[in-house]
Amino acid sequence: MMKNNLEKPKAGLYIHIPFCKKKCNYCSFYSLTAINKAPEFIAALQKEMEIYQDWWPEYDTVYLGGGTPSLLSINHLAELAHKIRKIFSLSSDAEWTIEVNPDDITLTFLKNIKSCGFNRLSIGIQSIQDNTLSWLGRRHNAQQALQAFDLAKKAGFQNIGVDLIYGVPISKLTLWEKELQQIIALKPEHISAYQLSFEPGSIFFKKKNQGHIQPLREKEEFSFFVNTSQILQTAGYIHYEVSNFSRDQTKKSAHNQKYWQHLPYLGLGPAAHSFRPFRRHWNHRSLDQYCQDLSKNIAPIKGFEELKINELRLETLYFGFRTSRGIDLKKIQEKFNQNLISDPPGLAHRLIQEKKLILFNGYLAPTTLGLALADALPLLW
Amino acid sequence: MVNIRNFGIIAHIDHGKSTLADRLIERTGVIDPRLFKDQILDTMDLERERGITIKSQAIRLPYKAQNNKEYELNLIDTPGHVDFSYEVSRALAACEGVLLLVDASQGVEAQTIANLYLAMEHDLAIIPIINKIDLPSADIDRVLNQIDSELGLDPDETILCSAKEGIGISEILEAIVNRLPSPKGDDHNPLSALIFDAQYDSFRGTIIFSRIFNGQVKAGDEIKLMSNNARYTAEEVGYFRLKRIKCPSLSSGEVGYIIAGVKTVSDARIGDTITLARHPVENTLPGFREVKPVVFSSIYPVSTEDYEDLIIALEKYKLNDAALVYEKDSSAALGLGFRCGFLGLLHLEIVQERLEREYDLSLIMTVPTVQYFIFSKTGKKITIDNPALYPDPLTIEKIEEPFIKAIIIIPDQYMGAVMKLCLDRRGINTGYHYIGSGRLEMTFELPLAEVIYDFYDKLKSITQGYGSFDYEILDYRESDIVKVDILINAEKVDALSQLVHADRARDRALHACEKLKEEIPRQMFKIPIQGTISNKVIARATISPFRKDVLAKCYGGDISRKRKLLEKQKKGKKRMKMVGSVGIPQKAFLAVLKTESD
Ligand SMILES: Nc1nc2c(ncn2[C@@H]2O[C@H](COP(=O)(O)OP(=O)(O)OP(=O)(O)O)[C@@H](O)[C@H]2O)c(=O)[nH]1
Ligand code: SF4
Numbered sequence: 023m024m025k026n027n028l029e030k031p032k033a034g035l036y037i038h039i040p041f042c043k044k045k046c047n048y049c050s051f052y053s054l055t056a057i058n059k060a061p062e063f064i065a066a067l068q069k070e071m072e073i074y075q076d077w078w079p080e081y082d083t084v085y086l087g088g089g090t091p092s093l094l095s096i097n098h099l100a101e102l103a104h105k106i107r108k109i110f111s112l113s114s115d116a117e118w119t120i121e122v123n124p125d126d127i128t129l130t131f132l133k134n135i136k137s138c139g140f141n142r143l144s145i146g147i148q149s150i151q152d153n154t155l156s157w158l159g160r161r162h163n164a165q166q167a168l169q170a171f172d173l174a175k176k177a178g179f180q181n182i183g184v185d186l187i188y189g190v191p192i193s194k195l196t197l198w199e200k201e202l203q204q205i206i207a208l209k210p211e212h213i214s215a216y217q218l219s220f221e222p223g224s225i226f227f228k229k230k231n232q233g234h235i236q237p238l239r240e241k242e243e244f245s246f247f248v249n250t251s252q253i254l255q256t257a258g259y260i261h262y263e264v265s266n267f268s269r270d271q272t273k274k275s276a277h278n279q280k281y282w283q284h285l286p287y288l289g290l291g292p293a294a295h296s297f298r299p300f301r302r303h304w305n306h307r308s309l310d311q312y313c314q315d316l317s318k319n320i321a322p323i324k325g326f327e328e329l330k331i332n333e334l335r336l337e338t339l340y341f342g343f344r345t346s347r348g349i350d351l352k353k354i355q356e357k358f359n360q361n362l363i364s365d366p367p368g369l370a371h372r373l374i375q376e377k378k379l380i381l382f383n384g385y386l387a388p389t390t391l392g393l394a395l396a397d398a399l400p401l402l403w
Numbered sequence: 025m026v027n028i029r030n031f032g033i034i035a036h037i038d039h040g041k042s043t044l045a046d047r048l049i050e051r052t053g054v055i056d057p058r059l060f061k062d063q064i065l066d067t068m069d070l071e072r073e074r075g076i077t078i079k080s081q082a083i084r085l086p087y088k089a090q091n092n093k094e095y096e097l098n099l100i101d102t103p104g105h106v107d108f109s110y111e112v113s114r115a116l117a118a119c120e121g122v123l124l125l126v127d128a129s130q131g132v133e134a135q136t137i138a139n140l141y142l143a144m145e146h147d148l149a150i151i152p153i154i155n156k157i158d159l160p161s162a163d164i165d166r167v168l169n170q171i172d173s174e175l176g177l178d179p180d181e182t183i184l185c186s187a188k189e190g191i192g193i194s195e196i197l198e199a200i201v202n203r204l205p206s207p208k209g210d211d212h213n214p215l216s217a218l219i220f221d222a223q224y225d226s227f228r229g230t231i232i233f234s235r236i237f238n239g240q241v242k243a244g245d246e247i248k249l250m251s252n253n254a255r256y257t258a259e260e261v262g263y264f265r266l267k268r269i270k271c272p273s274l275s276s277g278e279v280g281y282i283i284a285g286v287k288t289v290s291d292a293r294i295g296d297t298i299t300l301a302r303h304p305v306e307n308t309l310p311g312f313r314e315v316k317p318v319v320f321s322s323i324y325p326v327s328t329e330d331y332e333d334l335i336i337a338l339e340k341y342k343l344n345d346a347a348l349v350y351e352k353d354s355s356a357a358l359g360l361g362f363r364c365g366f367l368g369l370l371h372l373e374i375v376q377e378r379l380e381r382e383y384d385l386s387l388i389m390t391v392p393t394v395q396y397f398i399f400s401k402t403g404k405k406i407t408i409d410n411p412a413l414y415p416d417p418l419t420i421e422k423i424e425e426p427f428i429k430a431i432i433i434i435p436d437q438y439m440g441a442v443m444k445l446c447l448d449r450r451g452i453n454t455g456y457h458y459i460g461s462g463r464l465e466m467t468f469e470l471p472l473a474e475v476i477y478d479f480y481d482k483l484k485s486i487t488q489g490y491g492s493f494d495y496e497i498l499d500y501r502e503s504d505i506v507k508v509d510i511l512i513n514a515e516k517v518d519a520l521s522q523l524v525h526a527d528r529a530r531d532r533a534l535h536a537c538e539k540l541k542e543e544i545p546r547q548m549f550k551i552p553i554q555g556t557i558s559n560k561v562i563a564r565a566t567i568s569p570f571r572k573d574v575l576a577k578c579y580g581g582d583i584s585r586k587r588k589l590l591e592k593q594k595k596g597k598k599r600m601k602m603v604g605s606v607g608i609p610q611k612a613f614l615a616v617l618k619t620e621s622d
C-alpha cells in the first residue's frame with residue numbers, strides 16, 4: 023500500500039469561486055453576481071472538502087479560480103487556506119495560485135493572501151487599452167491593470183502570471199503588438215495570451231450570431247497567433263502550450279499541466295471538474311443545487327464518465343499537439359499500440375516536411391505553425 | 025356499354041385538374057361531402073394504410089343523368105411530365121374523350137396545346153372547359169377567343185366552371201354523358217384489354233389497370249399477356265371507387281382492375297394487351313412500346329455499410345416502378361452500388377428521393393449519361409452507358425450518340441432565346457410554324473445528352489414558364505465524345521468521370537472542379553482538383569489548406585466537451601466518402617451532377 027502511494031503522481035486541487043461583480047462580455051465560466059451568498063458557499067465548500075478527504079494521497083498544486091476569487095474577503099480566503107491544509111496533504115513546495123482582478127486588490131490584500139500561503143498570482147489584465155477593456159466588459163482600466171502588477175511586485179510575489187486577450191475585432195495587430203511589448207517590459211513570470219473566442223453562453227456569442235460582431239478572419243487570426251508567439255519567444259518566453267508562455271521551465275503553470283497530462287486533479291465548487299485515472303466527474307453548474315446537496319452531505323456531482331481506451335487515446339493526442347513538448351511516441355506505442363510515424367503511412371513525415379511538426383527526442387511535437395492547427399491534428403490519426 | 029363513358033382531364037399545370045376531379049367525385053356521391061375534405065388532405069396516408077385510392081389511376085363514378093338513366097363514368101388520371109409521355113399516351117388510349125381545362129385568367133398555355141395534340145392523336149372527343157371563372161381576374165372573352173383561334177375548338181361548346189365554388193359541375197357531368205361517345209366493342213369477341221397502368225400492393229401483388237376493348241374477363245379466367253405470352257389466372261377483377269370493389273366480370277368498354285398473381289409491375293407492361301389464353305385475340309392493341317431507359321447513372325450508398333439496405337430498397341422499389349432498370353456496379357471510390365437506367369432526369373430524381381425518404385438511405389448518384397455506340401478499329405460495336413467502360417481511345421474508330429427530335433411550343437417572342445439555347449446545346453433547327461396567334465411550334469434535332477441535364481429547367485426559365493417541350497428518340501449520329509476524368513488530390517475518382525462532347529469537355533471539367541472546390545471542406549493540406557482527358561489536364565482548381573484551427577482554452581471542464589466535439593467531427597468525416605485522405609461530402613457529388621455552367 024505504501025509503495026503504491028509513493029508511485030502515485032501528486033494531484034492538483036482546484037477550487038471554483040463562482041462570484042463576479044459583473045459578467046464580462048466574452049465569459050462563459052460559471053459565475054453569479056450574488057456575492058451575498060459567499061458565506062453559505064464557503065460553508066458548503068468546506069463540507070465538500072471533507073467528503074473528498076481521502077480522494078488522493080498527496081497534492082502539489084492548489085488553484086483558486088473562478089469567477090473572481092479576489093472578491094472574497096481576506097477572512098474567507100484565510101479560512102479556506104487553513105481548511106485546505108487541514109484536510110489535504112500538500113507538498114511543502116506546492117504551487118498555490120489565486121486569480122485576482124486588478125480592481126479588487128490593494129497592497130494589504132495582496133500581502134494578506136501571501137501570508138495565507140499563496141505563492142503565485144494570476145492577474146486578469148486582459149488588455150492595457152482602455153477601449154478594448156470596456157468593449158470586453160471589464161471593470162478595470164489600463165492604468166489599474168498596470169498598477170495591479172506593481173502592487174503584486176511590492177507585496178513580494180515572485181511568480182506572477184498575467185492573462186491577456188488578443189484578436190479583439192475593434193483593435194489591430196500593431197496595437198496588440200505594442201501592448202505585448204509593454205507587458206514584456208513588466209517581466210511577468212508567466213503570460214497566458216488567449217485568442218478571443220466566442221463561447222456558447224457568453225454575451226459575445228449571442229452578438230456574433232446576431233451579426234453584431236464580425237470575428238477576425240482566419241488569416242488575421244493566424245497572424246495574431248504567429249506574431250504573438252514570435253514576439254514572446256524573442257523576448258525569451260517559452261511557448262509551452264497553445265495559449266501559455268513562461269519565462270523559464272520552472273515557471274510553467276504546474277497546475278494547468280495536470281489537465282493536459284491526465285494527471286489527477288480534484289475540482290471543488292460548482293461546475294468544477296475532477297479527474298483521476300480514468301474517471302472524470304463534474305459538479306452541478308448551480309450554486310443552489312451545489313449548496314443543497316452539501317447540506318445533505320451528498321457530493322454535488324452532476325455527471326461522470328469513465329474514459330475508454332479510444333477516448334483516452336484521442337485526448338492524449340489532443341493534449342499532446344497543444345503542448346510544445348509534444349507526444350511521447352514510445353508511450354503511445356505502449357499504451358495504444360500505434361506507431362504515429364508509420365500509421366497512417368506518410369502522414370507524420372508530410373507534416374514534418376511542411377514544418378507543422380518536428381521529431382525531437384522521441385517526441386512528435388508541434389511547431390508554432392502546428393500549434394495553430396492543434397485541434398485539427400488529432401483527427402488525422 | 026351505351027351507359028359507359030371513359031375520359032381523362034388534361035390541363036396546363038395548376039389550371040385545376042385535381043380540384044375538378046375532386047368536385048366530380050364529390051358530386052357523384054362517391055364520398056360523403058362532409059368527410060371529403062379530411063380524406064383529400066390525407067390522401068397519401070390513406071393510400072398507404074388502407075389501399076384506398078382517391079387519386080387512383082382510374083375511378084368509377086356512378087351518375088344518374090337528367091335523362092334519368094344511370095351511367096358509369098370512368099375518370100382516368102394522366103401524369104404530367106415528358107419523362108412519362110408514353111404513360112400519358114396509354115392512359116389517353118383508354119379514353120373516348122377528355123375534358124380540356126383552361127384557367128380563366130391565365131388562358132391557353134403551352135401544355136394546354138401539347139395535351140390537346142395528344143388527345144387529337146387519339147381521336148378523342150374534347151370538351152373545352154374554362155375553369156376558375158370565380159376569379160376577379162378571369163377574362164372569359166379572351167379565353168373563349170383563344171379556344172377558337174389557338175385551339176381550333178368551338179367556343180360555343182365551352183363550359184364555364186369554377187371547380188372551387190362548384191359552378192358548372194352539373195353541366196360538365198351532362199356533357200360527359202351527352203357529348204362523349206360511348207365505347208364500342210363486343211362482349212362476344214375475344215378478350216382484348218389494354219394495360220394502362222400497374223401498381224404494386226404488398227398483399228395482392230400487381231394490380232393491373234386495364235381498359236377492356238372487346239370481350240370479357242372474370243375471376244378464374246386464364247389470361248395471357250401478348251407481349252411475352254405469359255399466362256396467369258385472374259384471381260379477382262373489379263373497379264375502383266374509394267377502394268377496390270370486386271365484381272364478377274369486366275366487359276368490353278369498361279375500365280377496372282385485374283389481380284392475377286403477377287409478381288412485379290414489370291411483368292405487367294404498360295401498353296400491353298391482355299387476352300384469354302384459351303380464346304386469344306389475333307391482333308394486339310396498337311401503340312405498345314417497350315419502355316426503354318434513356319438516362320443512366322450509378323447509385324451508391326454514402327456509407328458502404330448501407331449497401332445491403334440499398335439492395336433491399338431497390339428490390340422493393342422496383343416492385344412498383346417498371347421503368348427503372350438496374351444492375352450491380354462497383355467503383356474504386358464509392359464501393360459497391362448499382363448502375364440504373366431511367367426514363368429521364370425527373371424519373372431519376374423521383375427514384376433517388378423515394379429511396380432516400382422511404383428507405384432512409386443516403387445516396388450518391390453519379391453524373392447521368394446516355395447510351396453510346398462505340399465502334400472499335402477492329403470493327404466491333406459496343407454499347408456503353410457507363411463512363412467506366414469507356415475503352416482506350418486509341419482503339420476507337422468512331423462513337424455515335426443518340427439524337428432526339430424535340431418539339432417546343434412557345435409564344436413567339438421567345439423564339440430568339442429558344443433558338444440560342446438549342447444551338448448552344450448542339451441542336452439543329454429543322455423548322456417552325458405558327459399554330460395560333462403569336463404561338464410558335466419549333467422543332468429541333470438535339471443530342472439527348474444535352475437535354476438530360478437542365479434543359480427543361482432552362483427552357484422554362486427563358487420562356488417564363490410558357491415553353492412546353494416534348495421529344496422522341498430519332499437515331500444515332502457520329503460524334504466526338506471524350507471521357508473526362510476528375511482527380512482529387514491526384515487520385516482519380518471514377519464515380520465523377522463523365523462522357524461529353526469534346527467541345528464541351530473543358531467547360532464541364534471546369535464546372536466539376538469548381539463545384540468540388542466549393543463543397544469539399546478545407547483540410548490540413550492543399551488539395552488539387554484536376555479535370556483530365558487521357559491524362560492531360562484540361563481544368564484545375566485548388567482547395568487551400570486551413571491555417572488555424574485551435575481553441576484558446578482547454579482546462580478541466582472543457583476536456584470532455586472538447587473531446588466529444590472531436591468525436592463528432594470524426595463521425596462527420598466517416599459519413600463522407602474518403603478518397604485517399606480527402607473527405608468528399610455527398611452534396612459535392614450532387615453539385616457536380618446538378619447544374620451546368622452555361
Ligand atoms: N379561384 C379558383 N381557384 C381554383 C379553381 N380550381 C382550382 N383552383 C386553385 O388552383 C390551384 C391549382 O389547382 P389544382 O387542382 O391543384 O391544379 P392541377 O392542374 O391539378 O395542378 P397540378 O396537379 O400541379 O398539375 C389550387 O390552388 C386550387 O385551389 C377555381 O375554380 N377557382
Ligand atoms: S472573465 Fe472572469 S471576471 Fe469576467 S465574468 Fe468571467 S469569471 Fe468573471
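Those protein sequences? They're chains A and B, same order as listed.
The numbering of the first sequence is my numbering, which starts it at 23 and goes up by one.
The numbering of the second sequence is my numbering, which starts it at 25 and goes up by one.
Note that beta-carbon positions come from the ideal geometry of N, C-alpha and C, so glycine has one too.
Since we're looking at a predicted model, the values are computed, not measured.
{"Asked": "Validate contact between the region 132 to 143 of chain B and the region 382 to 402 of chain B using beta carbons, cut 8 Å, 3 pairs", "Found": "no"}
{"Asked": "Burial state of Gln-75(A), where buried means 16 or more other Cβ atoms lie within 10 Å", "Found": "exposed"}
{"Asked": "Alpha-carbon spacing of Asp-185(A) relative to Lys-595(B), whole angstroms", "Found": "35 Å"}
{"Asked": "Per-residue burial, Tyr-458(B) [other beta carbons within 10 Å of its own, 16 or more giving buried]", "Found": "exposed"}
{"Asked": "Neighbour-count burial assignment, Arg-72(B), 16 or more Cβ in a 10 Å radius", "Found": "Because the pLDDT at Arg-72(B) is just 40, under 50, the model does not fix this residue reliably, and the value given afterwards should be weighed accordingly. Result: exposed."}
{"Asked": "Selected residue, minimal CA-CA separation from Thr-308(B), among Phe-237(B), Val-289(B), Ser-226(B), Val-508(B)", "Found": "Phe-237(B)"}
{"Asked": "Residues of its chain near Thr-196(A), where Cβ-Cβ distance is below 7 Å and the 5 sequence neighbours each way are ignored", "Found": "none"}
{"Asked": "Contacts that Ala-398(A) makes with chain B (C-beta to C-beta distance below 7 Å)", "Found": "Met-548, Asp-573"}
{"Asked": "Boundaries (first-last residue) of the beta strand (DSSP E) holding Thr-90(A)", "Found": "Here Thr-90(A) belongs to no beta strand (DSSP E), and DSSP marks it neither H nor E."}
{"Asked": "His-39(B) Cβ short of 8 Å to ligand 1 heavy atom set", "Found": "yes"}
{"Asked": "Simplified DSSP state of Asn-26(A), which is helix, strand or coil", "Found": "Since pLDDT at Asn-26(A) reaches only 47, below the 50 mark, its modelled position is unreliable, and the value read off the structure follows with that caveat. Three-state DSSP puts Asn-26(A) in a helix."}
{"Asked": "Reduced DSSP category for Phe-220(A) - H, G, I as helix; E, B as strand; rest coil", "Found": "coil"}
{"Asked": "Near ligand 2: Thr-154(A) beta-carbon under 8 Å from a heavy atom", "Found": "no"}
{"Asked": "Delimiting residues of the alpha helix (DSSP H) encompassing Gln-314(A)", "Found": "309 to 317"}
{"Asked": "Any C-beta of chain A under 9 Å from that of Glu-514(B)", "Found": "One point to set straight first is that residue 514(B) is Ala, not Glu, in the sequence displayed. Ala-514(B) does not count as touching chain A."}
{"Asked": "N- and C-terminal bounds of the beta strand (DSSP E) containing Gln-148(A)", "Found": "142 to 148"}
{"Asked": "Local conformation of Asn-238(B) per DSSP, three classes", "Found": "strand"}
{"Asked": "Same chain only: Cβ atoms within 8 Å of Leu-168(B), ignoring 5 sequence neighbours per side", "Found": "Ile-154, Pro-179, Thr-182"}
{"Asked": "Helix, strand or coil at Leu-395(A) according to DSSP, with G and I counted as helix", "Found": "coil"}
{"Asked": "Residue(s) in a DSSP beta bridge with Ile-191(B)", "Found": "Ser-186(B)"}
{"Asked": "Chain B contact for Leu-35(A) (CB, 9 Å cutoff)", "Found": "no"}
{"Asked": "Under the three-state DSSP convention, the category Arg-528(B) falls into", "Found": "helix"}
{"Asked": "The region 427 to 443 of chain B / the region 530 to 542 of chain B touching (three or more Cβ pairs under 8 Å)", "Found": "no"}
{"Asked": "Close Cβ partners of Pro-31(A) (< 6 Å) along its chain, the five nearest in sequence each way excluded", "Found": "Leu-285"}
{"Asked": "Outcome for Leu-447(B) when other beta-carbon atoms lying within 10 angstroms are tallied against a minimum of 16", "Found": "exposed"}
{"Asked": "Any non-hydrogen atom of ligand 1 closer than 8 Å to Cys-185(B) Cβ", "Found": "yes"}
{"Asked": "Pair within 9 Å by beta-carbon distance, Ala-349(A) and Tyr-385(A)", "Found": "Strictly speaking, residue 349(A) in this sequence is Ile, with Ala absent from that position. In contact: Ile-349(A) and Tyr-385(A) (Cβ atoms closer than 9 Å)."}
{"Asked": "DSSP beta-bridge partners of Cys-271(B)", "Found": "Val-261(B)"}
{"Asked": "Cross-chain neighbours of Val-122(A) in chain B, by beta carbon under 8 Å", "Found": "Result: empty, since nearest Cβ-Cβ is about 18 Å, beyond 8 Å."}
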